[in-house]
Structures are given as structure tokens and as C-alpha cells.
Amino acid sequence: MAGGEVMAERGLLIVLSGPSGVGKGTVREAIFKDEATTFEYSISMTTRKPRVGEKDGVDYYFRTREVFEEAIAAGRMLEYAEYVGNYYGTPLDYVEEKLASGVDIFLEIEVQGALQVREKMPEGIFIFLTPPDLAELKNRIVGRGTESMAVVEERMETAKKEIEMMSSYDYAVVNDKVSHAVAKIKGIVETEHLKTERVIHRYQKMLEGLK
Ligand code: 5GP
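Following UniProt numbering, the numbering of the sequence shown begins with 1 at its first residue and continues without gaps.
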């Protein structure tokens, strides 16, 4: 580049998703409580009401349906979904600006939204948070042998759906213990930064500089 200017390397887009009730929010909170975390959280927009203690612009941007729908129509959402009667979505501008300036951005979103991000930004890193009992499927489903057929079938169905969902992701992290899941997620981000395709151009530039 002219004049030895250094262009910021694009940040990584990290997407954490998984089935409802798996503990995505708890894992996300633990990640951002840790001051050593280097990536930034993208605050979502929602039409649901704030819960006690939640603050606008910190936990979510709490907005009306009207405002949310305007943002959708104007193409200002990277993704959005309706979940239990409310809209949830990721404002696009913030994500774009941060990634362009070299900051890693972390999204914690439900599965329909994650699939939309995968379509629009396939270069993202998609992490599926897995319920611990999915790893012990057999025990859980037929284990004690005391469950009714209906219960067994329902569990099979849920497990099937969860495994299908997992196939659209790059990584599966079991949420057996929050601290373990957090460590694994951080490890994934670190490793992704070491991929040769992400670092080789720096070395190539150095070589050119020596010529
Ligand atoms: P809660 O109402 O408990 O804060 O969140 C409900 C669900 O919405 C969680 O599964 C959470 O991951 C998801 N969610 C939060 N923000 C977003 C978002 O921006 N987009 C999508 N698609 N889901 C979100």
C-alpha cells in the first residue's frame, strides 16, 4: 500500500447460537464479564419490554414494533427474527463499522437469525451451543426405561432437530459448565486468528518491504 499505510485487518464475526434454553445468554454474560475478552458484543434491538434491571443501549435497544419494522424496511438489520411474539435483530451499521476497523464482533442470537447471517456473511465463525444432555442422548431418551412412548418420541424429535441445526455451524460447544463453554469459545476465536489465510499477507508484505 502507498506510503507504508497499514490497512486494518478485518475483524472476525463470531456468532453464538443454539436451541432455546441452552444457556446462550448466560455464556455470553460470562464472556463479557471477563475483562480479558478482546471482542465486542453487538447489542441487539428488540420489541420486548425490558426486564427488571435491564437498560436501554446496554442489554438491548428497546424499540417499538413500528421503529423495528422501519429498520427492516430500510435494510438496516443484518438479521432479525420473531421469537415468542417479539422481534429481535442485529443492527447492521455497528457490525460493519467495527469489522471494517479490525474489531472482532460477537453476536448471541437465536437460530433463525444465525442462518440469515450465514447467508450474508459466510466468512463468520458459527458456534453452536449444545445442550449437555444431547451428548448423552441414549441415556436421556431410553435411560431409565420409565418414560412413556410419547415422552421418548418427543425427546427424539427435539434431539433430531437440534442435531440437524448443528450441521449449519462450524463448531459445536457443549454447555456442560459455563466456564468450560467460555474457555472453548475463546479458544476457537484465538485459533481462527492463527489461520494462515489470515496472517500470510502480513508476512508477504514484510518480504516486499525488504526488496
Ligand atoms: P431474551 O428475550 O431472553 O433476552 O432473548 C430471547 C432469545 O432471543 C434468545 O435466544 C436470544 O439468543 C435471542 N436474541 C437476542 N438478540 C437477538 C438478535 O439480535 N437476533 C436474533 N435473531 N435473536 C436474538
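Beta carbons are placed, not taken as given, at the ideal position from N, Cα and C, and that holds for glycine.
Note that this is a predicted model, so its numbers are computed, not measured.
With a cut-off of 8 Å on the beta carbons, I'd call GLU162 and LEU134 a contact; round off their distance for me.
Residue 162 sits at position 162 when you count from the first residue of the sequence shown. Residue 134 sits at position 134 when you count from the first residue of the sequence shown. 6 Å between Cβ atoms; contact.
For LEU12, the three-state DSSP class (helix, strand or coil):
Residue numbering aside, residue 12 sits at position 12 when the sequence shown is read from its first letter. In the structure shown, LEU12 falls within a coil segment according to DSSP collapsed to helix, strand and coil.
Let me make sure I understand the geometry here. Which of ALA159, ARG76 and VAL182 has the alpha-carbon closest to that of ALA36?
Within the sequence shown, the letter at position 36 stands for residue 36. Looking at the Cα atoms, VAL182 is the closest of the given residues.
Could you pull out every residue in the same chain whose Cβ sits closer than 7 Å to the Cβ of MET156, ignoring the five residues on either side in sequence?
For the purposes of this step, residue 156 is taken as the residue at position 156 of the sequence shown. Listed in chain order, the non-local C-beta contacts of MET156 below 7 Å within the same chain comprise ILE141, local neighbours out to five positions each way being set aside.
Limits of the unbroken beta strand (DSSP E) element including PHE128
Residue mapping note: residue 128 aligns to position 128 of the sequence shown, counting from 1. Segment 125-130, the beta strand (DSSP E) holding PHE128.
Kindly indicate the opening and closing residues of the alpha helix (DSSP H) around MET121.
In the sequence shown, the residue the question calls residue 121 occupies position 121. MET121 -> no alpha helix (DSSP H), and no H or E assigned at all.
Looking at the C-beta of GLU54, does it have a partner C-beta in chain D at a distance below 8 Å?
Although the question refers to chain D, the structure presented lacks it and comprises just one protein chain.
Check the C-beta distance from TYR61 over to ILE72 and give it rounded, since I have them as a contact under 8 Å.
In the sequence shown, residue 61 corresponds to position 61, counting from 1. In the sequence shown, residue 72 corresponds to position 72, counting from 1. The pair is not a contact, with the Cβ atoms about 14 Å apart (cut-off 8 Å).
Integer Cβ distance of TYR41 from PHE126, believed to fall under 8 Å:
For this step, residue 41 is matched to residue 41 along the sequence shown. For this step, residue 126 is matched to residue 126 along the sequence shown. Actually they do not touch by this definition, with Cβ atoms about 17 Å apart.
For ASN86, which residues of its own chain have a beta-carbon under 8 Å away from its beta-carbon, when the five flanking residues on both sides are left out?
Start at 1 with the first residue of the sequence shown, and residue 86 comes out as number 86. Only residues of its own chain outside the window of five on either side were considered, and among them THR46, THR47 and ARG48 have a CB closer than 8 Å to the CB of ASN86, listed in chain order.
Buried versus exposed call for TYR88 [16 or more other C-beta atoms within 10 Å across all chains shown]
Along the sequence shown, read from residue 1 onward, the residue named residue 88 stands at position 88. Result: buried.
GLU54 to TYR80, Cα distance in whole Å?
Here the question's residue 54 lines up with position 54 in the sequence shown. Here the question's residue 80 lines up with position 80 in the sequence shown. Each residue's Cα considered, the two are about 21 Å apart.
With a threshold of 16 other CB atoms inside 10 Å of the CB of SER17, please say whether the residue is buried or exposed.
Locating residue 17 in the sequence shown gives position 17, counting from the first residue. The residue is buried, with at least 16 neighbouring Cβ atoms inside 10 Å.
Is DSSP giving VAL173 helix, strand or coil here?
Walking along the sequence shown from the start, residue 173 turns up at place 173. Three-state result, VAL173: strand.
Closer than 7 Å by C-beta to TYR116: which residues in its own chain qualify, once you throw out the five before and the five after it? Chain order, please.
Residue mapping note: residue 116 aligns to position 116 of the sequence shown, counting from 1. Per the sequence shown, the amino acid found at residue 116 is Gln instead of Tyr. The residues are GLU79.
Measure how close the beta-carbons of residue 218 and MET165 come, nearest whole angstrom, since I'm counting them as under 8 Å.
The structure shown does not extend to residue 218, since the chain is modelled only from 1 to 211, so the question has no answer here.
Would you mind sorting ALA2 into buried or exposed? The rule is 16 or more other CB atoms within 10 Å of its CB.
Reading the sequence shown from its first residue, position 2 is the one you call residue 2. With a pLDDT of 46 at ALA2, under the threshold of 50, the modelled position of that residue is not reliable, and the figure given next carries that caveat. By the neighbour-count rule (16 or more Cβ atoms within 10 Å), ALA2 is not buried but exposed.
Check: GLY23 C-beta below 7 Å from any heavy atom of the ligand 5GP
Mapped onto the sequence shown, residue 23 falls at position 23. No, since every heavy atom of the ligand 5GP falls outside the 7 Å radius drawn around the Cβ of GLY23.
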